[in-house]
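Here's the structure, in structure tokens; my notes come after.
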Amino acid sequence: MTTLDADKQRMLLRLLRERGAERGGPRITPIPHGTPVPLNPPQSRIWFSCRQYPDTSEYSLPELRTVDRELDLPTLRAVATELMGRHHVLRVHMFERDGVPMQQDDGPIEPPVTWHDLRHLPADEAQARATAAGNEAARRPFALDGPCFFQIIGFALPGERTMLALNFHHIVIDGLSRAMVVAELDALLVGRPLGPAPSVGFLDYVAWEQEHTDEAAVERDLLYWTGKLAGDLPVLDLPKDRPRPATSKRTGGTVPLSVPGPVLSRLRRLAADEGVTLFVVVMAAYKVFLARMSGQRDLIVGAPLAGRDHEVAESIVGCFVKSAPLRTDLSGDPTFREVVRHVHETLLEAHDHQAVPFDRVVAELALPRLPGVQAVFQTMVNVQATGSGGSADLGTELDTNAAMWDLAVSLFTDQEEMSGVLVYDAALFDESTASRFAAHLETLLAEGAAQPDARAFELPLLSPVERARVLPASAAPGRPDVRYRSMAEPFEQQARRTPDAVAVRAGEEAVSYAQVDARADQLASVLHREGVRSGDVVALCLDHGADEVVARIAAAKLHTPYTAVAPERLAEAAPRVVVTDPATADQVPPGPWRVVSFADAERWAATELGEPPVADGAPDLLRLVRSPGLPGPVAHPVTMALAEVDELRRRYPLDAGEVVLVDSPERAWWPLSDGGAVMLCPPVVHKQPRPLNECGTDGGVTTVWTTPSVPLSVGSGAAPRRILCDGEPVTVAGVPGEVIARRERPETGAVTGEGRHALYVLDESLEPVPLGVVGELYVGGEEGLARGYHGQPAATAERFVADPFGEPGARMVRTGELARRRENGVVEQLGPVGRQISVHGMRVERAPVEAAFADQGGVALCAVTATAQGALAAFVVPSGDRELSAPQLTEGAALRLLDYLVPGSVTVVDAIPRGDDGGIDVDALLGLRTENPPAEDEEFTAPANELEARLAAIYARLLRRDAVSVTDSFFDLGGHSLLVFKLIEECGGEFGLQPSVQDVFTNPKIRDLAATLSAAQAAPAPRDNLIDLAESPGAPLMVFVHAASGSVLPFYEVAQRLRGEFSVYALQSLPDDPAATVEEMAARYVAAVDAVRGVAPVVLAGWSMGGCVAVEMARIWLLRGEPVAATLLLDTWAPPSFMSSEREAAEVRQACLSLDVLRLEGANAGAAVALAELTGMVERNRAAFLDYWPEYFPAEVDLLHAGDPLPAGAPAFPAGYMDDDRGWHAFVAGLETTEVKGSHLSLFDAEHVDDLTAAIQGAVGRRLGYEEI
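Position 319 of the sequence shown, counted from 1, bears residue number 319 in the UniProt record's numbering, the numbering being contiguous throughout.
Put into structure tokens, the structure is as follows:
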């Protein structure tokens, strides 16, 4: 692969040689045939990756070419033979010797050519079949122990045309070499003679190069790269459709990229103006794209360097290309032209420091190994010129369905256009997401070429269509119609309807609507007498109780704003009057305010106060709310509160007398306007977990409205049927009802979960960000906005800004929250700006880490945050009087989490500190942190047995250490990818058993790897695919058939429930199963069941793809005249081959390939000893399902289909594919469908297994007569 056009590449090579390379080229002596040569560093890196991921075709370089002439097999064989004779690397084979990968040319071999004659088919069909066969061949990985790494498939087409499917393995050829070979192939096919063959071959060059390594240059360049890549390296964090799996699946897809001629001309003109290559401009645009999509400014993108450091190498075919990590910092708001210059400078530095192999750099950096993450960089750009410099125009690239990187750009240019593909990891992204990425990049390329001096982060990123998707459909709503004269009026109307009903409960006190209204009238009269008028501020310094509700209603009756404030902050509120009660009256300092106390309430009742005052003016402000860190109290308008009350009444209507538990008197407006009884819970619930019955519920609460993350339990009373929580889900043990998460930011007054607001997710330039991209949340619409900061016009202007998307004069508010807009339009809030967690450059979601602690016994609540050093810290609150051990909690979390997610410190605290707004006070939380003492074995732990001792000796020998602790990691001690093979080889010689590459990665510590080897030595070989789960002699056989995971574990619980009624067996996959198709599996499994069946009736029950196998098993017995008693499909989908729409079928295939079966079925990848084998079985079973085409089955079957959708994070399937019949009606004589509880992946979970068992029994009962059973 080359990143430069041919002319620029030759110019750069000459420049490099002038800087010190040999002018005449080195003297290289050809080596004899049969001489083994170690792989060069780029080849070794590919070899290692192919050993780690043997089932991927990510290193295949396939293409499809059409020749307008008739060819035949002898011609192609002759052409292939001549190409291999000119370039011996095309016929090398590879092997390992003492753990070192080697390559060897043994002379001429049989040309790797196959031929298919399709001339009898219509032209379109022949073309389609040839293309499909070419794609299928491209997806088959080359075997590392195969005869060669090159193949040609020829297809004779009608009309004297020939299609050629070429495929090369990257381990023997790079992009520039492929272009050279294809040019020679084209010449040979038309009879054009070739020049003399190169005098030096690739193996000759590699052997010479290894003997002439410039160690001084290697050390110099290593010093450069370790400095360039110092510190925590960023992990690319693009908006994903699914979480990153623990183990890379290496499956991918492609979407097209296209740059039209006029844009390409402008890009070339910019490159010429700056004296750089087109590649540099494309890389600059791609880096801006990544920064805009991820929010990251420190970016590392891989670039392939030609690696041909001597002139002699220019004509050699082989694998020279080197990977260079181009690290660029885009902070400082650069222009696009400045980004181009930064990238150019970085690329020149990379060219000047390419003597050191990339793997050596990675080993020297000693990076933490993050699950599923490529080291150093996770994305790549390649731009290749075609049709120049003697190279051939490339044909159509075939799709290998593989992805090495999260994203990769592969572009080809000629004089007229630039086109190619964006390759994406299908485990992370849907095709629709990748298509949007491609569109954004195309837009940036066009805009950067047109406006190179514009700020890079202000260049348009969205097309008009997507811009319309991410902005609200209409302008922000205006001020709503106010149906009431004041906030108190809805309550007053309810008080007239139900005067004797209980309105407020606080402790032992219960106050009726009439009493609350009367007391509010009395207080309003007193306040008016003390000089309060509309617009004056009333300060509430009250203890928690019914009086707080009364005071709010009284202020609302006067159309005057109130604020709940601590006595020491009264001066900030500047109130006209302060309202106190007996508990707080003595705490109010002297000031220019009058004091009214509920201590005088009896005197108010005895005094003739007259009619309640009639408020002057229209309702405006309801209350002022303070929040820590803000410049002043936020002014909340009456209209906003009334709109919220109307919305709550509409969404959650209350029955007469229904009790609503609230943790703040401010939440009383809704229930008091709808006939509910407000129960005030003491403020201690904010700080410490308490049962609801400690709030005096007596089992009567039906609705709870509370603050974020308050842990509650229902105790012995009846559970509430509804919980509303602002900000995030609340933890309430034993609640079967619904939990409704709302969003409220008191400091801005924006309620974003339920109301009619305009929600914008914007970048730093106040431009809308693309779907899925994180930005800051802004809220527009008069109904949803506060008025600003009371008495602080400058601060109001900073936070409450003009709405560029609304009507003239409209405003929007910066919420200070990060958010992203999902594809379905829902806006997801992600927490305050500046409070994101990052570990080793990778952002971390708090929820799964907190759940790993909260799910352990005795833990009431957990909060996780990051320290200033970027380490994870966990804080746990115990339940009741339970004593918790930080080391034990850490150990429990380690069983549930991947290593890098286990917090470095765990602190047991009495409560999670919170601010006035109910949110977690992170600074106060970190102030409670304690360092956990190091484990005793961190310094040195000696081997505990002979196996550990022998393995430790291997570690010490390979890593050149005198002694190694059994708790030391192979990689922490300096082990790297190439040493892994030596370790595997040594283990084979020492123990007669080789761990897999994945075993070493998963268990790098001596003790863990020794346990893995011990388990492998001790485990007896499985008897058969058939496993006895619950044998009941004489009973009918119930045989479960595995899903794609190949495991029988999910069937265990249902088998125990069927014991006695059935003799229950299950069929499992084995790592070395020869069966590769559904039909082959069925034949193998029938033989296994026949061995135990006898004359008993057989019931087949296949889960997921196992249902397809069950149908084929039933077909075999039916053809033998031994029909099964019943065939059950447990949420089995028919394969996509049945679908009439090829587009939808392709969507299904892609979704199936994206499904992380092991993760979704609960496999702990971090602890799996045989993860590679499991993954291999999954891929084999998945491929069998996707290739399966069922024939008509002349018998009836029962389908038990899941009632719930797939869980969050699972890929989306087309709606029609999820119909209740799952597509089986067309293939069976009769279909009986039954819905069962759970989703496709949770049918066998504890909460659903009884329902599933009953459904199975019912289905079998319909098929079997009583006499048979």
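Glycine included, each C-beta is placed from N, C-alpha and C at the ideal position.
Excluding the 5 residues flanking it on each side, Ala520 has same chain C-beta neighbours closer than 6 angstroms at Val550, Ile553, Ala554, in chain order. Beyond the five residues adjoining it in sequence on each side, Glu1061 comes within less than 7 angstroms, by CB distance, of Ala1035 in the same chain, given in chain order.
The stretch 530 to 550 and the stretch 571 to 588 touch, with no fewer than 3 CB-CB distances between them shorter than 8 angstroms.
Judged by DSSP secondary structure, Ser177 falls within the alpha helix (DSSP H) whose first and last residues are 175 to 189.
With contact defined as three or more Cβ pairs closer than 8 angstroms, the stretch 287 to 305 and the stretch 374 to 389 are in contact.
Residue burial is scored here from C-beta neighbours: Thr29 has fewer than 16 other C-beta atoms within 10 angstroms and is therefore classed as exposed. Around the Cβ of Asp999, a 10 Å sphere holds 16 or more other Cβ atoms; the residue is buried. Note that the C-beta distance between Leu1037 and Val1098 is below 7 angstroms. A distance below 7 angstroms between beta-carbons, with the five flanking residues on each side excluded, links Leu672 to the following residues of its chain, in chain order: Phe491, Gln494, Ala503, Val678. Per DSSP, the beta bridge partners of Phe1193 are Val1228. For His528, DSSP records no beta bridge to any residue. For the stretch 370 to 451, the full-length beta strand (DSSP E) segments reaching 3 residues or more read 379 to 385, 407 to 413, 418 to 425 along the chain. Under DSSP, Cys862 takes part in a beta bridge, and its partners are Val876.
Across the structure, Asn1025 and Ala1088 are spaced so that their CA atoms are roughly 7 angstroms apart.
Taking 7 angstroms as the cut-off, the Cβ atoms of Tyr59 and His212 do not count as close. Between the stretch 1043 to 1062 and the stretch 1175 to 1191 there are three or more C-beta pairs closer than 8 angstroms, enough to call the two in contact. Put simply, of Gln296, Glu219, Leu71 the residue whose alpha carbon is nearest the alpha carbon of Leu188 is Leu71. Secondary structure at Ile28: coil, using DSSP grouped into helix, strand and coil. Below 8 angstroms, too few C-beta pairs join the stretch 1070 to 1087 and the stretch 1240 to 1252 to call them touching: fewer than three. Remark: C-beta atoms of Ala403 and Gly252 approach each other more closely than 7 angstroms. The Cβ-Cβ distance between Arg1262 and Ala1125 does not fall below 7 angstroms.
Closest by C-alpha distance to Ala1145, out of Pro1136, Leu1153, Cys1152, is Pro1136. Non-local beta-carbon contacts of Pro943 in its own chain, meaning distances under 6 angstroms to residues more than five positions away in sequence, involve Ala949, Ala952, Val966 in chain order. A contact is defined here as three or more CB-CB pairs under 8 angstroms, and the stretch 450 to 467 meets this definition with respect to the stretch 333 to 350.
The residue among Leu771, Val1039, Ala133 with its C-alpha nearest the C-alpha of Leu1128 is Val1039. It is roughly 11 angstroms from the alpha-carbon of Asp1251 to the alpha-carbon of Ala1202. In the three-state DSSP reduction, Asn135 falls in the helix class (H, G or I). Per the Cβ contact rule, the stretch 444 to 455 is in contact with the stretch 256 to 276 (3 or more Cβ pairs under 8 angstroms). When the beta-carbon positions are compared, Glu530 and Arg469 stay at least 7 angstroms from each other. Nearest to Gly806 by alpha-carbon distance, out of Leu83, Met640, Glu1196, Ala758, is Ala758. A residue is called buried when at least 16 other Cβ atoms come within 10 angstroms of its Cβ; Gln888 does not meet this threshold and is exposed. Considering only Val538, Leu257, His342, the residue with the shortest C-alpha distance to Val423 is Leu257. Trp1103 and Val1041 do touch by the CB rule: their CB atoms are close to 7 angstroms apart, below 8 angstroms.
Counting only the Cα atoms, Leu830 lies some 20 angstroms from Pro1207.
Buried is the label assigned to Val634, since at least 16 other Cβ atoms lie within 10 Å of its Cβ. Annotated three-state conformation of Glu548 is helix, per DSSP.
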